[in-house]
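A.B. asks: One structure, pasted below without further comment.
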Amino acid sequence: GQGSLGARPRCVRCCPPPDQYQPLPQINMTILKDRLSGCGFSTGPHLTVQLSLLLCPGEKGDRGERGIQGKFGKTGVAGSRGHAGPKGQKGSMGAPGERCKSHYAAFSVGRKKPLHSNDYYQTLIFDTEFVNLYSHFNMFTGKFYCYVPGIYYFSLNVHTWNQKETYLHIMHNGAEVVILYAQVSDRSIMQSQSVMLELREQDEVWVRLYKGERENAVFSDEYDTYITFSGHLIK
Numbered sequence: 001g002q003g004s005l006g007a008r009p010r011c012v013r014c015c016p017p018p019d020q021y022q023p024l025p026q027i028n029m030t031i032l033k034d035r036l037s038g039c040g041f042s043t044g045p046h047l048t049v050q051l052s053l054l055l056c057p058g059e060k061g062d063r064g065e066r067g068i069q070g071k072f073g074k075t076g077v078a079g080s081r082g083h084a085g086p087k088g089q090k091g092s093m094g095a096p097g098e099r100c101k102s103h104y105a106a107f108s109v110g111r112k113k114p115l116h117s118n119d120y121y122q123t124l125i126f127d128t129e130f131v132n133l134y135s136h137f138n139m140f141t142g143k144f145y146c147y148v149p150g151i152y153y154f155s156l157n158v159h160t161w162n163q164k165e166t167y168l169h170i171m172h173n174g175a176e177v178v179i180l181y182a183q184v185s186d187r188s189i190m191q192s193q194s195v196m197l198e199l200r201e202q203d204e205v206w207v208r209l210y211k212g213e214r215e216n217a218v219f220s221d222e223y224d225t226y227i228t229f230s231g232h233l234i235k
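Written out as structure tokens, the structure reads:
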């Protein structure tokens with residue numbers, strides 16, 4: 001034996017893993033034997049075999065089992081916007097939609113009673129209903145109330161009273177829009193007026209008899225309808 005050599009030195013791997021193996025340069029065996037002997041290794045006749053085993057990689061082993069998935073990394077910075085893709089093909093025609101809903105508004109009313117002027121303005125109240133679609137014309141107040149905004153056509157027809165003046169207005173929200181007027185005459189005649197108005201929802205339209213600064217009246221009787229007021233939605 002060589003006697004006590006102290007603690008045996010720690011073995012350090014000198015060969016790379018098999019998959020990283022590269023041919024080694026020519027080795028000086030005399031120098032290698034001296035170094036191995038100094039580290040406590042045997043330098044007998046089997047040294048060449050031992051070196052071959054140490055320096056030459058073995059066959060590649062079987063692939064190991066898949067390891068556990070690691071933690072997700074931090075979200076990276078958003079990349080730049082890509083180029084616009086090519087235009088797609090034209091789609092097929094869709095199903096037909098619902099039919100457009102049409103809105104209507106119309107009325108036509110009459111009065112069979114005469115009316116004379118007074119010290120105050122008077123709204124013509126009508127007693128005969130010819131057409132009153134959805135009751136938009138109020139027979140108690142004598143006013144048409146707009147529930148469908150749009151453009152309306154209104155017409156007023158009256159019978160004058162001989163030897164008396166005829167003086168009325170078609171009113172829109174309290175404002176005088178157009179006048180129906182006939183001077184004093186020995187004859188009574190039919191007189192008419194018409195107008196188109198653009199109405200908004202809740203607007204009001206009616207006929208007003210002028211107050212009695214002069215003797216003012218419209219004629220009618222219970223046998224015939226001499227006074228009519230009509231209106232309908234155009235658009």
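The numbers in UniProt numbering rise by one with no breaks, and the one at position 75 of the sequence shown is 75.
Where is the CB? At the ideal position from N, CA and C, for every residue including glycine.
Just so it is clear, the structure is predicted and the values come from calculations on it, not from any experiment.
Applying the 10 Å Cβ sphere with the 16-neighbour rule, what's the burial state of residue 131?
C.D. replies: Counting from 1 along the sequence shown, the entry for residue 131 is found at position 131. By the neighbour-count rule (16 or more Cβ atoms within 10 Å), residue 131 is not buried but exposed.
A.B. asks: Pop quiz: residue 153 and residue 83 are said to be a contact at Cβ under 8 angstroms. What is the actual Cβ separation, rounded to whole angstroms?
C.D. replies: Taking the first residue of the sequence shown as position 1, residue 153 is located at position 153. Taking the first residue of the sequence shown as position 1, residue 83 is located at position 83. That pair is no contact at about 59 angstroms.
A.B. asks: Flag this pair as touching only if the region 68-83 and the region 192-207 have three or more C-beta atom pairs under 8 angstroms; answer yes or no.
C.D. replies: Contact fails: fewer than three Cβ-Cβ distances are below 8 angstroms.
A.B. asks: Give the secondary structure of residue 124 by DSSP, where H, G and I count as helix, E and B as strand, and everything else as coil.
C.D. replies: Within the sequence shown, numbered from 1, the residue matching residue 124 stands at position 124. If DSSP states are grouped into helix, strand and coil, residue 124 belongs with coil.
A.B. asks: Going by other Cβ atoms of all chains shown within 10 Å of its Cβ, with 16 needed for buried, is residue 63 buried or exposed?
C.D. replies: Within the sequence shown, residue 63 is the residue found at index 63, counting from 1. Exposed.
A.B. asks: Once DSSP output is grouped into helix, strand and coil, what is the label at residue 135?
C.D. replies: Walking along the sequence shown from the start, residue 135 turns up at place 135. If DSSP states are grouped into helix, strand and coil, residue 135 belongs with the helices.
A.B. asks: Let's see if you can read the secondary structure: which residues bound the beta strand (DSSP E) around residue 193?
C.D. replies: As a first step, residue 193 must be located in the sequence shown, where it is residue number 193. 190-199 is the extent of the beta strand (DSSP E) around residue 193.
A.B. asks: Since residue 73 sits in a beta bridge, which residues does DSSP pair it with?
C.D. replies: Within the sequence shown, the letter at position 73 stands for residue 73. Answer by DSSP bridge pairing: none, since residue 73 is not bridged.
A.B. asks: How do the region 186-197 and the region 145-164 stand: do at least 3 beta-carbon pairs fall below 8 angstroms, yes or no?
C.D. replies: The answer is yes - the region 145-164 touches the region 186-197, with three or more Cβ pairs under 8 angstroms.
A.B. asks: Hey, how far is the Cα of residue 150 from the Cα of residue 136?
C.D. replies: Residue numbering aside, residue 150 sits at position 150 when the sequence shown is read from its first letter. Residue numbering aside, residue 136 sits at position 136 when the sequence shown is read from its first letter. Residue 150 and residue 136: Cα-Cα distance of roughly 14 angstroms.
A.B. asks: Can you have a look at residue 87 and say buried or exposed, based on whether 16 or more other CB atoms are within 10 angstroms of its CB?
C.D. replies: Residue numbering aside, residue 87 sits at position 87 when the sequence shown is read from its first letter. Exposed, because fewer than 16 other Cβ atoms sit within 10 Å of the Cβ of residue 87.
A.B. asks: Residue 166 to residue 210, Cα distance in whole Å?
C.D. replies: Residue 166 sits at position 166 when you count from the first residue of the sequence shown. Residue 210 sits at position 210 when you count from the first residue of the sequence shown. Going from the Cα of residue 166 to the Cα of residue 210 covers about 9 angstroms.
A.B. asks: So for residue 3, helix, strand or coil by DSSP?
C.D. replies: As a first step, residue 3 is located in the sequence shown; it is residue number 3 there, counting from the start. Summary for residue 3: the model assigns pLDDT 46, below 50, so the residue's position carries little reliability; its value from the coordinates is reported in the next sentence. Correct three-state label for residue 3: coil.
A.B. asks: Of all the options 120, 194, 78, which has the alpha carbon lying nearest to the alpha carbon of residue 181?
C.D. replies: Position 181 of the sequence shown, counted from the start, is the residue given in the question as residue 181. Nearest option by C-alpha distance: 194.
A.B. asks: Where do the N-terminal and C-terminal ends of the beta strand (DSSP E) with residue 160 fall, by residue?
C.D. replies: As a working mapping, residue 160 is identified with position 160 in the sequence shown. Per DSSP, residue 160 belongs to no beta strand (DSSP E) and is neither H nor E.
A.B. asks: Note the first and the last residue of the continuous beta strand (DSSP E) segment covering residue 111.
C.D. replies: Taking the sequence shown and counting its residues from 1, one reaches residue 111 at position 111. Its beta strand (DSSP E) spans residues 106-111.
A.B. asks: Could you tell me the distance, in whole angstroms, from the CA atom of residue 129 to the CA atom of residue 95?
C.D. replies: Here residue 129 is taken as the residue at index 129 of the sequence shown, counted from 1. Here residue 95 is taken as the residue at index 95 of the sequence shown, counted from 1. Going by the C-alpha atoms only, they are around 44 angstroms apart.
A.B. asks: Since residue 312 is in the beta strand (DSSP E), which residue starts that stretch and which ends it?
C.D. replies: The structure shown does not extend to residue 312, since the chain is modelled only from 1 through 235, so no value can be given for it.
A.B. asks: So, helix, strand or coil for residue 141, using DSSP?
C.D. replies: In the sequence shown, the residue the question calls residue 141 occupies position 141. If DSSP states are grouped into helix, strand and coil, residue 141 belongs with coil.
A.B. asks: Which class does residue 91 belong to by DSSP, given the choice of helix, strand or coil?
C.D. replies: As a first step, residue 91 must be located in the sequence shown, where it is residue number 91. Residue 91: coil per DSSP, three-state reduction.
A.B. asks: So the beta strand (DSSP E) residue 208 belongs to, where does it begin and stop?
C.D. replies: Along the sequence shown, one-based indexing puts residue 208 at 208. Counting along the chain, the beta strand (DSSP E) containing residue 208 begins and ends at 204-209.
A.B. asks: Using the DSSP secondary-structure output, state which residues sit across from residue 150 in a beta bridge.
C.D. replies: Taking the first residue of the sequence shown as 1, we reach residue 150 at position 150. The partner list for residue 150 (beta bridge, DSSP) reads 199.
A.B. asks: Would you report the Cα separation of residue 60 and residue 91, rounded to the nearest angstrom?
C.D. replies: Your numbering for residue 60 matches position 60 in the sequence shown. Your numbering for residue 91 matches position 91 in the sequence shown. Straight-line Cα distance between these residues: approximately 58 angstroms.
A.B. asks: For residue 227, does the count of other Cβ atoms within 10 angstroms reach 16, so buried, or fall short, so exposed?
C.D. replies: Counted from its first residue, the sequence shown places residue 227 at position 227. With 16 or more Cβ atoms within 10 Å of its Cβ, residue 227 is classed as buried.
A.B. asks: Return helix, strand or coil for residue 170, following the three-state DSSP convention.
C.D. replies: Position 170 of the sequence shown, counting from 1, holds the residue named residue 170. Residue state, collapsed to three classes: strand.
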